[in-house]
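Engineer: Residue numbers (the numbering used here), protein chains in the order written: chain A, 937 to 1018; chain B, 937 to 1018; chain C, 1111 to 1338; chain D, 18 to 759. Every residue, glycine too, gets a C-beta built ideally from N, C-alpha and C.
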Amino acid sequence: MTNVRIFVTYKESVFDPQGETITEAIHSLGYHEVKQVHVGKFFDVEVEGNIEKVKETVAQISEQLLVNFNLETYRYEIMEEA
Amino acid sequence: MTNVRIFVTYKESVFDPQGETITEAIHSLGYHEVKQVHVGKFFDVEVEGNIEKVKETVAQISEQLLVNFNLETYRYEIMEEA
Amino acid sequence: MKIAVVVFPGSNCDIDLYEALHTVCHADVAYVSHTQKSLAGFDAVMLPGGFSYGDYLRSGAIARFSNIMPAIIEFAQAGKFVFGTCNGFQILTEAGLLPGALKRNNGLKFICKTVELEVSNNQTAFTTQYQAGEHISLPIAHADGSYYADKATLEKLERNGQVVFRYAGENPNGSLNNIAGITNEQGNVLGMMPHPERAVEALLGNEDGLRLFKSILENGKIKEEAAL
Amino acid sequence: MIATEMSPQEIKSNKPYLDWGLSEKEYNYICEKLLKRLPNYTETGLFAVMWSEHCSYKKSKPVLREFPSQNERVLQGPGEGAGIVDIGDKQAVVFKAESHNHPSAIEPYEGAATGVGGIIRDIFSMGARPIAMLDSLHFGEIKQARTKYLINEVVAGIGGYGNCMGIPTVGGEMTFDDCYTGNPLVNAMCVGLMEQKDMQVGRAQGIGNAVMYVGAKTGRDGIHGATFASADFSDEKETQRSAVQVGDPFMEKLLMEACLELTNKHADWLVGIQDMGAAGLVSSSCEMASKAGSGLELVLDDVPQREPEMSAYEIMLSESQERMLLCIRAGFEQKVKKLFEDYGLEAVVIGRVVAGKQYLLKHNGQTVADIPVSSLTDDVLEEASQEQVPQRILQAQKKQQWIPQINNAAEVLTKLLQQPTIASKKMFTQTYDSQVRTNTVVGPGSDAAVLRVRGTKKALAMTTDGNGRFVYLDPKIGGKMAVIEAAANLIASGALPLAVTDCLNYGDPNDPAIYWELHQSVLGMAEACRTLDTPVISGNVSLYNESNGKAIYPTPMIGMVGLIRDLKHIIPSFVQHQGDLVYLVGQTKQDFAGSELQKMQLGEISGSLNEVNTTKITLRMKRLLTAMEKGLVASAHDLSEGGLAVALAETTFGTKYGIKGELSLSGAELFSETAGRFIVTVAPAKQKQFLAEMKDKVALIGKVSGESQLHLTYQDGQFNLDLEVVKGLWEDAIPCLMKSKD
Ligand SMILES: Nc1ncnc2c1ncn2[C@@H]1O[C@H](COP(=O)(O)OP(=O)(O)O)[C@@H](O)[C@H]1O
Ligand SMILES: [Mg+2]
C-alpha cells in the first residue's frame, strides 16, 4: 500500500478569488507581514500495487477526474510505502 | 521572505462526505486499487520577517482564520527561505 | 420533436425543465436516468441544474462519467440539440462538449437573483426568437458560475459568435468577457448559467426564458421537416 | 472500547450519568422503580439521552398542553415527525420547525446545515415532499468579529444544505440583539406538500416485521448532542466539545427521493418510517416501538458503521446525519433493499418487532440492553417546576411609560430603516436559492412567502415570526403578539391562516423566573391561536439558551402556514398603481415599550406592554381577507418593527411610486408598534365596496403618488423624504456593518 498526496492548484494565469479574500482577511487582522496567499487542495490517496503501477494510477485518476486542465495543474508526492 | 505551506485536514473522526463521494467515483471508473481518498486544502503563504516570527505568524493566522478547530487540524512546512 | 431531460443523482431543476417544456410549451418530453445508456428516439437532450454528486470535487466533474454521457456526446457529435443550464452547463464543460470551465464566483458565495443579459447571438438554434442584441432578464442561482477560458479560446469563441448570452448589467460572478452562455463550434450545444426554465410563466414574474424553448422547438421542427 | 466500560456498580459509585445530564434522583428512580436493578453502561446512556429535555420534554410538557392542537382541518397534530393539515383536493400541507441553537453556536456552518437536514427529514418521513424552507435567526448586534463569523457561517450553512437539496428557502426573519451574542438562535422550518393517501406514521408494529436502517453510516458524531442541548454554555467548556456532526446534503437528496418513492408508491411494504434525529438510533427506534406498544430487538453488529470498534453505547447514541429508520412488513425486505440500491443507498435489516414490550439490544453476541420500551419514553420523571414573576416585570409596572420625543421624524425614520433588524436582509437571502422547483410566486422580501400548488388554483403562504423583546417585557402579551404578527403576515399576502408550528427558545427552566416566562408566553400564544383557529400542530423546545449564566430574551418563534384559495387572490406587499388610496387598518396606540424606536433611542428596551385584543384583531383580519378575496385590495403590508412610517417606506421599495399622506397621528405615533395593523392600497373605483366590507374601521391616510417621495403631514409636523435615497441606505446598512472592522 502506498500513500500518495496529490496537489492541485490553479494555473498561474487563473484568478483565485479565495486567495485574494483570505489575503485581505489576514491583513485586516493586522498581519501585514503576510504578503500573498495561494489556496490549493490536495488528495491523500492510498493505492495498492507496486510503485510503478501506483504512479500510473495516480496519473490516470488525476488526469481523468481530479484535475480540470482548463484551470488547474497537479503534482504528486509519494508519502510512504508500506 | 519565507514561503510556508499550511496543510489543513479534517480531524480523524469527522465525516468527510466529499472524500467518500470521490472515492466512489474513482471506484466506478474501475480503479479499485485506490482504497481511500481524503481531501484537504493547503495555503501557500509568503511571510516577511525572521524565521521565529514567521512561525509565530503562521500559527496565529492558522488558528484565527484558516483552520476550523471544530473539524480540522493543521500542520505547516517551511518551503524555502529567501 | 422529443426531448430528454437527464436526471443525475443530485439534479434538482429537472422538474423545472420538464414542466417548462411539458406544461408551458406542450412539448413531448421525458425524464431519462443517468443510468441509461441510450438516447434513442430523442431529438434533443437537456441537462438540468442542481448539484449532481453534491458538486463534490468540482461542479459537474463526477456526473460526466455517468452511463448516459457517451450517448450525450454521440448525440452532440451527430449535430442534435444539447442544452445545459447551470449544473448542466458545468457538466458540459467538464465533459469537453463546451470549452472552458466554470469556477467559484468571484464573491465566493452562492447568488440567487435576476440578472440582465444581452442576447449576443440570435442566430443559434436556441435563440432565433430573440432580437439581436436584445436585453432580457433571467434568474441565476449558482456558486460556481464564473466562466473561464484561456485567451486563445476566448478569442475563438468571440470570433465564431459562440458567445450567446452575456451579462449586460453587473457581472455577478466574474465571468470573463461577461460570458453567461456559449455554444460549441457547430452551434448545436448550448450551455448557460442563467435559468431560462425559471422564467416561463407570468405568475412567477418573468417570461423572458420562454422564447429559448420556443426557438429550440421551432428549429427542431424545421430540421425534422427538412429531413423528410 | 467495550473492555473499558464501567460496570453497573462503577456507574453507581462514579456517577458518570451526571455529566450526561441525568440527575441523581432520576438515576435512583430508574434503578429502584423502573428496572429494580442497576442499569449497565449502555442502558444508562440510553436513559440519559431519552430523558434529556430535548427528547422527553420533561420540563416543557405540562406547559405545551396549553396549546390547542386540533380542529377539523388537522389531520395529524403534535407527536409525529410533523403536523399535517388538510388543504382540500385530497391534499395536505405538512410542517414543523426545529431549533439548532447549541450546535450552531459551536460550529455555525454545520450546526445550521444539519438543522436544515433534520427538519427536512421530519417532513419527508411523513410521506410529504418538502417544498420550502424558512428560517428564524437571532444574533448579537453586528459588532464583534465572532458575531459576523456566526452570521456568515449560519447563513451559508442554511443555504448550503437547502440549495443542494433543491428545496427553496423562501422566507424567514433575522433580528439582532446583545442578548443573543453568546447564544444565537438558529431555527429552521420546513413545509411539505402531500396527497392525503400517502400519510405515514413513525410506528414499528407487527411481530416479525423488520426494522431497516437506510442512509449514511453511523460514526461517532455528536455523541450526547441531545444532552448538550440541555446544558448551558460557559466559555471554558467551548474548546472541549466532542465530534461535530457534518451534513451531507447530497446523501439526503438521494435519501429523500428514495423514501418518497417508498412512501408514495409502495405503501404496502411499509409499516412505519421515522428519521433519526437527536439521540439517533435510540430515540427513533424506541419511539417507533413505544407509539405502537411493541417490543423491539436490534442487532447492533448489523448497523452500518463508518468507524471501527464502536461500542453499543456509541452506536445507539451517535447523531450521524442523513439516516432513516423503517419498519418493513416481513417478506418485503429484499424489495426495499433493491429500491434503495437504485438510488445508490444501502438498506439493512438491523432488527425485528418482537413479542412483549422490551427494548432488547444485542451486540457481539451479548445482550447489552434489556429494558421496557416505555421506561425510555413514558416513565420520564416529570417534575413540577417553580415559577416566579421576575423582578423586572414587577418593577416595570410601577414605572411610568416612556413616550418618545420626536423633533425630526424624517431623520428618525431614516435611521430606523438602517437598524439591522429592519434593514434589508438581501445580502443574506440572495445566497439562498428561493426559486428552485419553480413554485415560488413570492420569495424573500415580502410579508409572507407564497408558493403555488402545481396543478391546482391554490397557493400556500408561510412565515416565521418572533419578537423576543415584547416577550421579555410581558411574556403573555408578547406571546399573543408573536402569533398575531405571523397571522398578519399571512393575511397581508391574501392567505387564510391554517395552523402553527413553533420553536420555544428560552433560558434555563430551573430558574423560576424563566419557567414563568415560558408558561406565560405559551398561555398568550395559546389564546391567540384559539382565537385565530390556528392550532399548534408541531413544534420544538429549546431550553438552556444562556451564555455565561445570562439568558436570552424568551424568544418563541411562530411558524405559520396559510391557504390562498385562488392564485388570483395573492396580494403583493408593494404599492401597485399611481392614484390608489392608502388606508390604515387598525388603531394606533401609544405602544413604544419594546419598540425598535425605543431600542434605537435609549439603547435598551423597558416598560410594560398594553393589552392586545386578539378577538378584535382577528375580526379585523377576517374582514380584510374577505375584501382581498373580493378583489378590492391592490396591495397590503402589515405593520411591525418601526411602525407605520417604516411600513409606508417599505411598501414603496422596489416600485417607482411614492406616497403622499395626511394623518391625524402625532410624530411619535408614526413609530408606535401597536399590533394587528395594516396599510392597504385600494383603487379609487373599489373604494366604496372596500369601505363597506371593512365596516368603515379604516382610515384613509393618503394616495400613491407617481414620484419616489414619501410626503407625510401629521399632527405636529410634516416631511418629505426621497425614497430612492432611503432605500439605498436601507439596503446598504447590513452590508456596511458586516464589512466594518471592529
Ligand atoms: N433569515 C432570513 N431568511 C429568509 N428570509 C428572510 C430572512 N430574514 C428576513 N427574510 C425575509 O425578509 C422579509 C422581511 O422580514 P421581516 O422584517 O421579518 O418581515 P415582517 O416584519 O413582515 O415579518 C421577509 O420576506 C422575510 O421572509
Ligand atoms: Mg410583515
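Does the beta-carbon of R454 of chain D have 16 or more other beta-carbons within 10 angstroms, so that it is buried, or is it exposed?
Structural biologist: Its Cβ being crowded by 16 or more others within 10 Å, R454 of chain D is buried.
Engineer: Classify G966 of chain A: buried if its beta carbon has 16 or more other beta carbons within 10 angstroms, exposed otherwise.
Structural biologist: G966 of chain A should be labelled exposed.
Engineer: Does the distance from the C-beta atom of V975 of chain A to that of I997 of chain B stay below 8 Å?
Structural biologist: No, these two residues do not count as a Cβ contact at 8 Å.
Engineer: Give the range of the alpha helix (DSSP H) segment to which C303 of chain D is assigned.
Structural biologist: Start and end: G297 to A309.
Engineer: State the beta-bridge partners of H963 of chain A as determined by DSSP.
Structural biologist: According to DSSP, H963 of chain A bridges with nothing at all.
Engineer: Using a Cβ cut-off of 9 Å, pull out every chain A residue sitting near K977 of chain B, in sequence order please.
Structural biologist: What K977 of chain B touches in chain A: V975, G976, K977 and F978.
Engineer: Spell out the partners DSSP gives I140 of chain D in its beta bridges.
Structural biologist: BP columns for I140 of chain D are empty, so no partner.
Engineer: Where does L298 of chain D land, buried or exposed, given buried means 16+ other C-beta within 10 angstroms?
Structural biologist: The residue is buried, with at least 16 neighbouring Cβ atoms inside 10 Å.
Engineer: Nearest to M182 of chain D by CA position, among D:M216, D:F141, D:G199 and D:G219, is which residue?
Structural biologist: Comparing Cα positions, the closest option is D:F141.
Engineer: Can you tell me where the beta strand (DSSP E) holding S1256 of chain C begins and where it ends?
Structural biologist: Unbroken beta strand (DSSP E) run through S1256 of chain C: S1256 to Y1258.
Engineer: Where K1147 of chain C and M1179 of chain C are concerned, what is the direct C-alpha to C-alpha distance, given to the nearest angstrom?
Structural biologist: C-alpha separation (whole angstroms): 8 Å.
Engineer: Comparing alpha-carbon positions, which option in D:G373, D:E358, D:G264 and D:E212 lies nearest S311 of chain D?
Structural biologist: If we check each option's Cα against that of S311 of chain D, D:G373 comes out closest.
Engineer: Using a Cβ-Cβ distance under 8 Å, would A1205 of chain C count as near chain A?
Structural biologist: A1205 of chain C does not count as touching chain A.
Engineer: Using a Cβ-Cβ cut-off of less than 7 Å, give me the residues of the segment 957–969 of chain B that come near chain A, in sequence order.
Structural biologist: Going along the segment 957–969 of chain B in chain order, one finds A961, I962, L965, Y967 and E969 with a Cβ nearer than 7 Å to chain A.
Engineer: Return the first residue and the last residue of the alpha helix (DSSP H) that L760 of chain D is part of.
Structural biologist: Residue coverage of chain D in this structure runs from 18 to 759, which leaves residue 760 of chain D outside it and unanswerable.
Engineer: Give me the chain C residues within the contact set of V950 of chain A, using Cβ-Cβ distance strictly less than 8 Å, ordered along the chain.
Structural biologist: Neighbours of V950 of chain A on chain C, chain order: K1213 and Y1258.
Engineer: Name, going along the chain, the residues of the segment 1169–1198 of chain C whose beta-carbon falls closer than 9 Å to a beta-carbon of chain B.
Structural biologist: Cβ contacts with chain B come from A1171, I1172 and F1175.
Engineer: Does the Cβ of Q383 of chain D have 16 or more other Cβ atoms within 10 Å, making it buried, or fewer, making it exposed?
Structural biologist: It counts as exposed.
Engineer: In whole angstroms, what separates the C-alpha of V263 of chain D from that of D387 of chain D?
Structural biologist: Distance between the alpha carbons of V263 of chain D and D387 of chain D: 31 Å.
Engineer: With distance defined between alpha-carbon atoms, name the residue in D:C196, D:L272, D:G209 and D:Q213 nearest to V231 of chain D.
Structural biologist: Comparing Cα-Cα distances from V231 of chain D to each of D:C196, D:L272, D:G209 and D:Q213, the minimum goes to D:L272.
Engineer: What is the DSSP secondary structure of A114 of chain D, counted as helix, strand or coil?
Structural biologist: Reduced to three states, the DSSP call for A114 of chain D is strand.
Engineer: F445 of chain D: which of D:S153, D:N456, D:E667 and D:G472 sits nearest, CA to CA?
Structural biologist: For F445 of chain D, the nearest C-alpha among the options comes from D:S153.
Engineer: So, with DSSP's three-state summary, where would you put F1191 of chain C?
Structural biologist: F1191 of chain C: strand per DSSP, three-state reduction.
Engineer: What residue from D:E534, D:L313, D:V187 and D:N737 has the CA that sits closest to A662 of chain D's CA?
Structural biologist: When each option's Cα is compared against that of A662 of chain D, the closest is D:N737.
Engineer: Taking C-beta to C-beta, are A1290 of chain C and L1227 of chain C nearer than 8 Å?
Structural biologist: Taking 8 Å as the Cβ cut-off, A1290 of chain C and L1227 of chain C qualify as a contacting pair.
Engineer: So, does the CB of E1013 of chain A fall closer than 8 Å to a CB anywhere in chain B?
Structural biologist: No - not a single Cβ of chain B is within 8 Å of the one on E1013 of chain A.
Engineer: What does T993 of chain B reach in chain A if we use C-beta pairs closer than 7 Å?
Structural biologist: Correct list: Y967, E969 and V970.
Engineer: Can you pull the chain C neighbours of C207 of chain D, defined as C-beta to C-beta under 8 Å?
Structural biologist: Ordered by position in chain C, no residue passes the 8 Å Cβ test against C207 of chain D, which lies about 15 Å from the chain.
Engineer: Use the C-beta contact count for S964 of chain B: other C-beta atoms within 10 angstroms, 16 or more gives buried, fewer gives exposed.
Structural biologist: Looking at its Cβ environment, which holds fewer than 16 other Cβ atoms inside 10 Å, S964 of chain B is exposed.
Engineer: State whether the segment 593–604 of chain D contacts the segment 483–503 of chain D, with contact taken as three or more CB pairs (one from each stretch) at a distance under 8 Å.
Structural biologist: Segments in contact, no.
Engineer: What number of angstroms, rounded off, separates the C-alpha of L540 of chain D from the C-alpha of V80 of chain D?
Structural biologist: Cα to Cα, L540 of chain D sits roughly 8 Å from V80 of chain D.
Engineer: Counting only the same chain and skipping the five closest in sequence on each side, list residues whose C-beta sits under 7 Å from that of K78 of chain D.
Structural biologist: Correct list, in chain order: E399.
Engineer: Would V371 of chain D pass as a contact of M211 of chain D if the rule is Cβ separation under 8 Å?
Structural biologist: Contact: no.
Engineer: Give the straight-line distance between the Cα atoms of K113 of chain D and M229 of chain D, rounded to the nearest whole angstrom.
Structural biologist: Distance between the alpha carbons of K113 of chain D and M229 of chain D: 25 Å.
Engineer: Could you compute how far the alpha carbon of T1293 of chain C sits from the alpha carbon of G1301 of chain C?
Structural biologist: If you take the alpha carbons of T1293 of chain C and G1301 of chain C, they lie about 6 Å apart.
Engineer: Mind listing the chain B neighbours of L1167 of chain C? Cutoff is C-beta to C-beta under 9 Å, in chain order.
Structural biologist: Simply Q954, T957, I958, A961 and V975.
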